[in-house]
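Have a look at the structure below before the remarks.
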Amino acid sequence: MSGCSCNNQTLAVGNHECCSQTSFVQDKLCAPYTVTAATPTITIYALNTNPAKTFVSGTISLDSGPTGGTVTVEFLLGATLVETEILSVGASLAFTKNGFTSITLTGTGAAPFTPPYQGEFCLTPRYPLG
């Protein structure tokens, strides 16, 4: 059984009365997206708080797009690539991460992206108060 230990007291899981706790604010944003040959890269999220203290959970789905095409999902810290994921049509990505400042989506394959890449993202950022 794991739990919190404060002042040499071991507490049961979920009972953290003597431990310092941080209050978090939670937002939620969901929206459809479209990636076309005219705009092959789009930014779906940009962070304006401390990336080390902000935790983001979310899903990104790719519902339609050209046959054999994919969408590249990039998590960036400024201009530095932190992580890359690839979505094919019909796939979804679920994640919880911190340490990034933006998420971009880039369509791959030959233009004109017919039909265009379309999907939805739902993101839940959590950041501490104060």
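Residues in the sequence shown are numbered consecutively from 1, following full-length UniProt numbering. Even for Gly, the Cβ is constructed at its ideal location relative to N, Cα and C.
Just to confirm before moving on: does the CB-CB distance between residue 157 and P51 stay below 8 Å?
Any question about residue 157 goes unanswered here, given that the chain covers just 1 to 130.
Going by C-alpha distance, which of G90, L81, A79 and K53 is nearest P128?
For the residues G90, L81, A79 and K53, the minimum Cα distance to P128 belongs to K53.
Check the C-beta distance from T70 over to L87 and give it rounded, since I have them as a contact under 8 Å.
Contact flag correct, Cβ pair sits at about 6 Å.
Out of L29, G90 and Y33, which has the shortest C-alpha to C-alpha gap to G68?
Sorting L29, G90 and Y33 by C-alpha distance to the C-alpha of G68 places G90 at the top.
Starting from the C-beta of E120, find all residues in its chain whose C-beta is less than 6 Å away, skip the five residues before and the five after it, and write them out in chain order.
Only P32 and S61 meet the Cβ criterion.
With DSSP as the reference, label S102 as helix, strand or coil.
If DSSP states are grouped into helix, strand and coil, S102 belongs with the strands.
Which residue or residues does DSSP assign as beta-bridge partners of I42?
Listed as beta-bridge partners of I42 by DSSP are L105.
Could you tell me how far apart the beta carbons of T108 and V56 are, in whole angstroms, since I believe they sit closer than 8 Å?
About 24 Å; that fails the 8 Å criterion.
Could you tell me if the beta carbon of T108 falls within a distance shorter than 7 Å of some heavy atom in the ligand ATP?
Ligands displayed in this structure: none; no statement on the ligand ATP is therefore possible.
Best match in T104, E83 and T114 for proximity to I44 [C-alpha to C-alpha]
The alpha carbon of I44 has as its nearest neighbour, out of T104, E83 and T114, the alpha carbon of T104.
Residue span of the beta strand (DSSP E) that contains F95, given as start and end
Residues S92 to K97.
Look at the Cβ atom of F100, then the Cβ atom of V73, and state whether they are nearer than 8 Å.
No, these two residues do not count as a Cβ contact at 8 Å.
Which residue or residues does DSSP assign as beta-bridge partners of G58?
For G58, which the question treats as bridged, DSSP gives the partners F95 and L123.
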